[in-house]
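**Student:**
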Amino acid sequence: MSAGQESRLYPTAAAFHCLSPAYSPHLHSKCQPSFGQHTLHRLTLIMILVLFVLVVTFCGAMAITPDLSLSISVAKSILAINELSVTVLISNTGNDSFKLLNHPQTVLSHLPTQMFRIKRGNTTADFTGIIVHYSPDYVIHKNNSVDFTLLAPGQTHQQVHALTGVYNFTRTGPGEYQIEAYSGFYHVDKSGSIVVVEAETSPARFEIIGGLTRPRVSMHHHSTGSL
158 MSAGQESRLY PTAAAFHCLS PAYSPHLHSK CQPSFGQHTL HRLTLIMILV LFVLVVTFCG
218 AMAITPDLSL SISVAKSILA INELSVTVLI SNTGNDSFKL LNHPQTVLSH LPTQMFRIKR
278 GNTTADFTGI IVHYSPDYVI HKNNSVDFTL LAPGQTHQQV HALTGVYNFT RTGPGEYQIE
338 AYSGFYHVDK SGSIVVVEAE TSPARFEIIG GLTRPRVSMH HHSTGSL
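Residue numbering for the sequence shown is 158 to 384, as defined by our numbering.
(1) What is the rounded straight-line gap between the Cα of Arg274 and the Cα of Leu320?
(2) By Cβ distance, which residues of its chain are closer than 7 Å to Thr306, with the 5 residues on each side in sequence left out?
(3) Tell me Leu258's beta-bridge partners as DSSP assigns them.
(4) Whose C-beta lies closer than 8 Å to the C-beta of Phe215 among residues of the same chain, with five residues either side of it excluded?
(5) Under 7 Å Cβ to Cβ from Ala309, same chain only, skipping five residues before and after it: list those, please.
(6) Excluding the 5 residues flanking Tyr291 on each side, which residues of the same chain have their C-beta closer than 7 Å to its C-beta?
(7) What does the alpha-carbon distance come out to for the pair Val243 and Met204?
(8) Determine the burial state of Gly332: buried for a count of at least 16 other Cβ atoms within 10 Å of its Cβ, exposed for fewer.
(9) Is it true that the CB of Phe326 sits closer than 9 Å to the CB of Ala282?
(10) Which same chain residues, not among the five before or five after Gly311, have their C-beta less than 7 Å away from its C-beta?
(11) Which whole-angstrom value is the C-beta distance of Lys233 and Glu337, which I expect to be below 8 Å?
(12) Please look up how many angstroms separate the CB atoms of Glu355 and Gly341, rounded, as I've assumed it's under 8 Å.
(13) In three-state DSSP terms, what is Tyr339?
(14) So the alpha helix (DSSP H) Ile365 belongs to, where does it begin and stop?
(15) What does DSSP give as the partner residues of Gln315 in its beta bridges?
(16) What's the C-alpha gap between Asp346 and Leu227?
(17) What number of angstroms, rounded off, separates the C-alpha of Ser348 from the C-alpha of Tyr295?
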């Protein structure tokens, strides 16, 4: 019998790993994984764990735990649209200070921009204010104090927005409305990066009785500072 034939009739010890227990009674019924398979399995688990940690860290950098609360108050009954004004309170409920951009899409802006959603039923009041071009990077680089709102732990900032001419209610008509503010704020951390902070907030309700004529846009927006 040739050497090749002997190899086929009498498998080597290494080949027993892929044969049935009839050839090797001390083995299990299934093929045992080699050392390389164990190592590959272990590396795969480590890679999955590392990926999970990176995803959690990335999500935490994009939107941190809500440490801001935003409350909205408005008169319950509005006789004329030129009486419509909204008072907002932004409170730091966490343990760290905030440096917030006075972004035009937030209630920290002093411009008549679209920072509120106002609805009567399923119909939204038309926005008639202004749209501005805003560059957060430029504002951060300029670092002008009037472009930021600083909130220490436990501090509250109050701001009043007169909405005369900023929203048109002639299409939606008189009746009960719901108003809510955009809850996202933009915090500038110590490295100069922007971190989005979602504030805890809830909508307010008011009723427009009459006076739906649309006046000119009012620029009467002012901040009463921090409390």
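Virtual Cβ for every residue (Gly too), placed ideally from N, Cα, C.
**Tutor:** Checking against the coordinates, here is how it stands:
(1) Here the alpha carbons of Leu320 and Arg274 stand approximately 12 Å from one another.
(2) Spatial neighbours of Thr306 in its own chain (CB-CB distance under 7 Å, excluding positions within 5 residues in sequence) are listed in chain order as Leu257, Asn259, Leu265 and His314.
(3) Paired residue(s): Phe305.
(4) Because Phe215 carries a pLDDT of 46, less than 50, the predicted location of this residue cannot be relied on, and the following value inherits that uncertainty. Contacts found: none.
(5) Contacts found: Asn249 and Ser254.
(6) Excluding the 5 residues flanking it on each side, Tyr291 has same chain C-beta neighbours closer than 7 Å at His260 and Pro261, in chain order.
(7) Val243 and Met204 have their C-alpha atoms some 51 Å from each other.
(8) Burial call: exposed.
(9) Their beta carbons are under 9 Å apart, which means Ala282 touches Phe326 by this criterion.
(10) Counting only residues of its own chain and dropping the five nearest sequence neighbours on each side, Gly311 has a CB closer than 7 Å to the CB of Asn249.
(11) In fact, because the Cβ distance is near 16 Å, the residues do not count as touching under 8 Å.
(12) Rounded to whole angstroms, the Cβ separation of Glu355 and Gly341 is 6 Å, and the two are in contact under 8 Å.
(13) DSSP places Tyr339 in the coil class of the three-state scheme, outside both helix and strand.
(14) Membership of Ile365 in any alpha helix (DSSP H) is not indicated; the residue belongs instead to the beta strand (DSSP E) covering Ala361 to Ile365.
(15) Gln315 is bridged to Leu246.
(16) Cα to Cα, the separation comes out at about 20 Å.
(17) Those two C-alpha atoms are separated by around 15 Å.
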